Structure formats: C-alpha cells, structure tokens
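S.K.: Mind looking over this structure? Questions follow.
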Amino acid sequence: MGIGVLEPRAKVVQGTILLFDSTGDDEHNNTIVHLKHSKDGKVLLTPQPSDLPDDPLNWPLYRRDFAFALLAITTVLSGVHGPLLSPVTIQLATKYNTTITSISQLSSYMTLAIGIFAYMFSVITRTFGKRGVTVLGCLILVIADSWAAGATSYGSLMGARVLSGIGQAVFEALALTTIPDLYFVHERGTRIAAFIYALQAGVFLGVPIATQIIRISSVKWAFGGLAVAEGVMLVLLFFFFHETAFKREHVDVLAHQGEEDNLATQVQDGKNTVRQISNVSTQSSPDPTEIAEPQSTWSKLSLYQGRFSHSSPITLAFRVLALTLHPIILWAACTGLPASWLVGLSYTINALLAAPPYNMSSTAIGNMYIAGWLGCTAGLVSSLPNDWIVKRIAKRNRNVYEPEFRLVLIAPAITLVVFGLTAWGWGGEVGTSWVGMAFFFAIACAGAVLINSALISYLIDAHRQFAVESQVILFAFKNLMPFGMGYYFVDWWIKDGNKKMWGIMAGISAGLAFIGILVYTFGKKLRAYWMIHPFLGIQGEAH
C-alpha cells in the first residue's frame, strides 16, 4: 500500500491488515462496524478474539502479562547456561587435563541439543499445545543442573550440559511463539523485544553473578543455584501458566475473511480468477448458544489439554524441516546470526583478556559481561518504540499495516552490529583499554537485540501461519551455528587474529542485512505469490 512496499495484483494479501477504522473506502468502513476494537476504540483488534472465555486473547491483560513474565524469567535462567563456564575456561582445561577447544565444546554440544530438540518440540507443541512442553522443559533444566552440580568428570559434565540444552530448547525457541497466542498485532513488538532482552540478559548478566559464586565457592554451587531458581519457576509455571494454544479462525480485518486458505487466486490464461475456498465470513463471533463454560481451576492445571492439530507427526516434522528452505525464513535466520557471533565471542574472550596487555582475572573477565547486559538493555530501550513506529507508518499508509514496516529497525541495528564487531576486533588487536572494549561489546549486543526483535516481529506478522516453525528455525540456526563454531572458532582466532576474524563477521552481517531492502520492497508481492502457490505445497496450520 505504499511507503516503499510494492503492491501485488491481488487485492487481498495475508498479513496486510486494517489497523485503524478508516481507509477512506466506504465498502471497508461499512463492513467493519461489528468488529472488535481496543478499549479506547481506536485500534481494530487483529486477530479478532472469539467470544469463548478460555480464548487467551480474552484474558485480562494482567493475566496475559503474568503468563508472559513467567516465561521470560525462566528464559533468563535458561540463557545463563550458555557462557556460564567461559570465565573459568582455562581453569577447567587444567582441571580436566584437556584443551580450551574441548572446554568450549561443553557449550557447543549444548547448543547442538537446543537446535535439534527445538525441531522436535515444535511438532509436540503443534499437536498438544504449549503448557505441557513448557513445564517439562523447566523440569529438565532442574534435573540437568542438579546433575552438573555433582559432576566429577569431563564426560559427566558434558552429559549434564547436553541435557540442559534439551530443556533450553523449550524456552529459547518455543516460548517466543506464545506471544501471538497472547497478544494482538499492535501489542507484539514491545513484548518480542522484552523476550529477546530476557534471553540475552540471562546470558550476559548471569555470567558475572555466576563468576562471583564460583570465586566464593565453586562451579558446583553455580549450577546448584540455577537448579534451585529453576525449581521455584517450575512450581509457578505448573500452577499459573495455563494453555495458550487456541484453535482460531483468524479474521483479516482488511479482507473480512478467515485467514487459513480462505482465498486462493488461480491464474488461468493470464487472467486472475478468485474462488472462495472455505470459511469466508464477516462474523468474528460464534453462536452465543454454543459458547462453552470456562474451564475449572483443576482442568486448567492438566498438562494435557487435547489435540490442537490432527496432522501426523511425520507431516508436522516435514513442515518445519522444509520451511527451513523458505526464502524469507532462511534469510531472517541468517540475518539474525549476530546473536550467535556473541556466543563465539565468549569462546575467545577469556584467552584475549587474560593475556597481556589486559592480564584480567577470571572475575574481571566475568564482569565484562555486565557491559553486554547494558548493551542489551540499550537494545531493549531502542526496540520499545517499535509498536509506536509501525502505528505511525500505518497511519500514513491510509491506516493499513504492512508487516514489512517492522523491518525499518534493521538499519540502525546493523549499524550498531557492524560498528561493535569491527571495533571489538580492532581494539583487541591494538590493545585498546578495557573500558573501550567493554563499550564495543555493549554496542554489538545492543545491535543483536534490535535486529532480532525486528526480524521476529516481521516473521510473526507476515507469515503467522508459520509462527511456530519460523521461530524454531531462527533459534535452531542461532544454536547450531555456535556448535560448529566450537570446532573451528578458537583455531581461526589464533591463526588470523582478532581484527581480521571479527571484520569478516561484521561484513557477513552487513551483507545479509542489506538484502532486507529487497525484502521490504518486494515482501508483499512474495506474500501474495505464496497465497497462490504455497511454498513446497505447505498449507498453514490454524493456531
């Protein structure tokens, strides 16, 4: 509808919505009167909530925010695991009589488990919902960290780390997919930024805290403390995190139609013919006589809430694997990799800062992660206006919202990423003061949070029928990349040096982000094309 987004021939395109009441089109205005609005009456709600009391979109905002907060806090604890051992890498290599690369693989195999099990859990959540998987994931974390606390050998610690990766897969890849379950389009950007921040805050703020615990006592109590905190969250999740999955016929406010395959355009002899497939309706509410009673308290606590998809597990597994090749999802997964580069930074930070001219102790190196946390906080603050920005752009676009508007944040984000990584590489090479290195670290972290917030917001809104799969793929990439990096990253750093290696990383990030200009410009045309020709024939699942 303009603002740089090219229009396809199709009048109706999934993901394009009427965000405010008037487009100046009398036909549209006359048919949206019955649709539900925000409390202030200014914003049309997308997706349209049902009249069922157990629809998560009908929960009071405080209840939705509390459920989200429980996931976010557990995600913070999950994020601590990644670089937990990085400040004591050299000490552990000495203790277990092995190499620094072997110690880094304690983290890389953990990330491999996250990547693999994220795919597996996506099938389970599509079929059985998210409550049971979420509680199970937290239970696995408690068991894994209890095991790690008592580990006395390298092999035992490796086993505990891999098991913790299985639990982390739930919170790193799947917890984010509850946001479209709980929030309307105009509410999501801020929550997505907050979730990314929670994940990164666990990584960067948890390390200095764990370092102090290790300094005062031992690695055992770092893992033991995590297990205790996760045990508390396990109880809270069991009693207060209720099922968020809901079978919903999304109503596209602009098109006045169900979202799932309700409209297909067939191109025959160069002419477009529109045929209605199913569920075409301007009604957003069920028959009042069919409204179910709200669930009882005890039924809400059940870990099994029925099936949410009747597709076979093999079909669902094929979906998520095949969608890895979806051009937009693949581009977003690769463009979001600056978060993975920061994991690679944790592989080398100990060796860099423990050597001259820095000669930093493990405690001081752990405290460097405070800079990363401050950078993540800056990234969160920069992301908060995301919803406000897209509302303003939609206003200028005749009140019509395009998901591509979310991508405007990539420009400042990639600027921060490129500057931060390049400066970190240069600073480590020439011996810049630790204050300067901390600043460069913070800048790179801010950019990583900002760019992933933009990408995830875009995917959820533009391709929401693939919301679960796309987020699984993004976070699988984020974790599988560090697994591979665990084998070559330290050796590459030793061979080519800090400056060259991080310069290459910055260049890769910039090149991928530059493709975002094409995605912004042609994204709507691609969405229209895939409505007619589903990618690899994959149809959307109701969610």
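Residues in the sequence shown are numbered from 63 upward in steps of one, following the working numbering.
Beta carbons are placed, not taken as given, at the ideal position from N, Cα and C, and that holds for glycine.
Note that the coordinates shown come from a computational prediction; the quantities given were computed from them, not determined experimentally.
Would you report the Cα separation of Phe551 and Gly406, rounded to the nearest angstrom?
M.R.: Locating residue 551 in the sequence shown gives position 489, where the first residue counts as 1. Locating residue 406 in the sequence shown gives position 344, where the first residue counts as 1. The straight-line gap from Cα to Cα measures roughly 7 Å.
S.K.: Would you check if the region 375-394 and the region 513-525 touch, i.e. whether three or more CB-CB distances between them fall below 8 Å?
M.R.: Flag = yes, the region 513-525 and the region 375-394 touch.
S.K.: Taking only runs that begin and end inside the region 409-496, name each unbroken alpha helix (DSSP H) of 4 or more residues, in chain order.
M.R.: Complete alpha helix (DSSP H) runs here, min 4: 424-445, 448-458 and 472-492.
S.K.: Of all the options Leu399, Thr410 and Gly546, which has the alpha carbon lying nearest to the alpha carbon of Met567?
M.R.: Mapped onto the sequence shown, residue 567 falls at position 505. Measuring from the Cα of Met567, the nearest candidate turns out to be Leu399.
S.K.: Who does Phe82 pair with in a DSSP beta bridge?
M.R.: Against the sequence shown, residue 82 aligns to sequence position 20. DSSP output for Phe82 lists Val105 as bridge partner(s).
S.K.: For Leu174, which residues of its own chain have a beta-carbon under 6 Å away from its beta-carbon, when the five flanking residues on both sides are left out?
M.R.: Walking along the sequence shown from the start, residue 174 turns up at place 112. Same-chain partners within the cutoff: Phe545.
S.K.: Does DSSP classify Asp127 as helix, strand or coil?
M.R.: Within the sequence shown, the letter at position 65 stands for residue 127. Looking at Asp127 - three-state DSSP - the assignment turns out to be helix.
S.K.: Under the three-state reduction of DSSP, which class applies to His248: helix, strand or coil?
M.R.: For the purposes of this step, residue 248 is taken as the residue at position 186 of the sequence shown. Three-state DSSP puts His248 in a helix.
S.K.: Which class does Val297 belong to by DSSP, given the choice of helix, strand or coil?
M.R.: The residue labelled residue 297 in the question sits at position 235 within the sequence shown. Note: Val297 maps to helix in three-state DSSP.
S.K.: Below 7 Å CB to CB, which residues in the same chain sit around Arg589 once its five sequence neighbours on both sides are set aside?
M.R.: In the sequence shown, counting from the first residue as 1, residue 589 sits at position 527. Closer than 7 Å at the Cβ level, and outside the excluded window around Arg589, lie Val75, Gln76, Gly77 and Ala524.
S.K.: Exposed or buried, which one is Asn461 when buried takes at least 16 other CB atoms within 10 Å?
M.R.: Counted from its first residue, the sequence shown places residue 461 at position 399. Per the 10 Å Cβ criterion, buried.
S.K.: Tell me the DSSP secondary structure of Val142 in three-state form.
M.R.: Indexing the sequence shown from 1 puts residue 142 at position 80. If DSSP states are grouped into helix, strand and coil, Val142 belongs with the helices.
S.K.: Do you know offhand how far Thr151's Cα is from Gln367's?
M.R.: What you label residue 151 is simply residue 89 of the sequence shown in a count that begins at 1. What you label residue 367 is simply residue 305 of the sequence shown in a count that begins at 1. Going from the Cα of Thr151 to the Cα of Gln367 covers about 44 Å.
S.K.: Closest to Gly559 by CA distance: which of Val534, Gly578 and Thr410 is it?
M.R.: Here residue 559 is taken as the residue at index 497 of the sequence shown, counted from 1. Per the Cα distances, Thr410.
S.K.: Let's see if you can read the secondary structure: which residues bound the alpha helix (DSSP H) around Gly578?
M.R.: Taking the sequence shown and counting its residues from 1, the one referred to as residue 578 is at position 516. Gly578 to Ile594 is the span of the alpha helix (DSSP H), which, as asked, contains Gly578.
S.K.: Alpha helix (DSSP H) containing Ala206: first to last residue?
M.R.: Residue mapping note: residue 206 aligns to position 144 of the sequence shown, counting from 1. It spans Arg193 to Gly212 - the alpha helix (DSSP H) in which Ala206 sits, taken as one unbroken run.
S.K.: Helix or strand or just coil, what does DSSP make of Val74?
M.R.: On the sequence shown, position 12 is the one that residue 74 refers to. Residue state, collapsed to three classes: coil.
S.K.: Using only alpha-carbon positions, find the residue among Arg381, Ala508, Leu363 and Ala272 that is nearest to Gly428.
M.R.: By 1-based counting over the sequence shown, the position of residue 428 is 366. Of Arg381, Ala508, Leu363 and Ala272, the residue nearest in Cα terms is Ala272.
S.K.: Measuring alpha carbon to alpha carbon, tell me which of Ala72, Thr583 and Cys200 ends up nearest Leu298.
M.R.: The residue you call residue 298 lines up with position 236 of the sequence shown. Per the Cα distances, Cys200.
S.K.: Using alpha carbons as the reference points, say which of Ser408, Met430, Lys309 and Tyr420 lies closest to Thr372.
M.R.: Residue mapping note: residue 372 aligns to position 310 of the sequence shown, counting from 1. Residue identity check: residue 372 is His in the sequence provided, not Thr. With distances taken between Cα atoms, His372 lies closest to Lys309.
S.K.: How long is the line joining the alpha carbons of Leu416 and Ser571, rounded to whole angstroms?
M.R.: Here residue 416 refers to the residue found at position 354 when the sequence shown is read from its first residue. Here residue 571 refers to the residue found at position 509 when the sequence shown is read from its first residue. The question names Leu, but residue 416 is Ala in the sequence shown. Between Ala416 and Ser571, the C-alpha separation is close to 28 Å.
S.K.: Applying the criterion that 16 or more other CB atoms from any shown protein chain within 10 Å of the CB defines a buried residue, is Ile556 buried or exposed?
M.R.: Position 494 of the sequence shown holds residue 556. Burial call: exposed.
S.K.: Flag this pair as yes or no: are the beta carbons of Ala508 and Leu478 separated by less than 7 Å?
M.R.: Your numbering for residue 508 matches position 446 in the sequence shown. Your numbering for residue 478 matches position 416 in the sequence shown. Yes, these two residues count as a Cβ contact at 7 Å.
S.K.: Applying the 10 Å Cβ sphere with the 16-neighbour rule, what's the burial state of Ser361?
M.R.: In the sequence shown, counting from the first residue as 1, residue 361 sits at position 299. Looking at its Cβ environment, which holds fewer than 16 other Cβ atoms inside 10 Å, Ser361 is exposed.
S.K.: Going by beta-carbon coordinates alone, are Ser140 and Gln230 separated by less than 7 Å?
M.R.: Residue 140 sits at position 78 when you count from the first residue of the sequence shown. Residue 230 sits at position 168 when you count from the first residue of the sequence shown. Closer than 7 Å, so yes.
S.K.: Are Thr137 and Thr240 touching if we call contact CB-CB under 7 Å?
M.R.: Mapped onto the sequence shown, residue 137 falls at position 75. Mapped onto the sequence shown, residue 240 falls at position 178. No, they are not a contact pair.
S.K.: Considering Cα atoms alone, identify which of Tyr259, Lys157 and Gly264 is closest to Ala213.
M.R.: Here residue 213 is taken as the residue at index 151 of the sequence shown, counted from 1. Of the candidates Tyr259, Lys157 and Gly264, the one whose C-alpha sits nearest the C-alpha of Ala213 is Lys157.
S.K.: From the DSSP output, read off the bridge partner residues of Val232.
M.R.: Taking the sequence shown and counting its residues from 1, the one referred to as residue 232 is at position 170. DSSP lists no partner for Val232.
S.K.: Would you tell me roughly how many angstroms separate the C-alpha atoms of Leu80 and Thr160, rounded to the nearest one?
M.R.: Indexing the sequence shown from 1 puts residue 80 at position 18. Indexing the sequence shown from 1 puts residue 160 at position 98. Straight-line Cα distance between these residues: approximately 60 Å.
S.K.: Buried or exposed for Ser402, going by 16 or more other Cβ atoms inside 10 Å?
M.R.: Counting from 1 along the sequence shown, the entry for residue 402 is found at position 340. With 16 or more Cβ atoms within 10 Å of its Cβ, Ser402 is classed as buried.
S.K.: Please confirm whether Glu234 and Phe502 have their CB atoms less than 7 Å apart.
M.R.: Taking the sequence shown and counting its residues from 1, one reaches residue 234 at position 172. Taking the sequence shown and counting its residues from 1, one reaches residue 502 at position 440. No, Cβ-Cβ distance for Glu234 and Phe502 is not below 7 Å.
S.K.: Count the other C-beta atoms from every protein chain shown that fall within 10 angstroms of the C-beta of Tyr431, then say buried if there are 16 or more, exposed otherwise.
M.R.: Within the sequence shown, the letter at position 369 stands for residue 431. When all chains shown are included, Tyr431 counts as buried.
S.K.: In whole angstroms, give me the CA-to-CA distance for Ala210 and Glu292.
M.R.: By 1-based counting over the sequence shown, the position of residue 210 is 148. By 1-based counting over the sequence shown, the position of residue 292 is 230. One C-alpha to the other measures close to 14 Å.
S.K.: Bridge partners for Val511 per DSSP, in chain order?
M.R.: Working through the sequence shown from its first residue, we reach residue 511 at position 449. Its beta-bridge partners do not exist; DSSP assigns none.
S.K.: Thinking Phe302 and Phe128 are a contact (beta carbons under 8 Å), I'd like their distance in whole angstroms, please.
M.R.: Position 240 of the sequence shown, counted from the first residue, corresponds to residue 302. Position 66 of the sequence shown, counted from the first residue, corresponds to residue 128. Yes, Phe302 and Phe128 are in contact; Cβ-Cβ is about 7 Å, under 8 Å.
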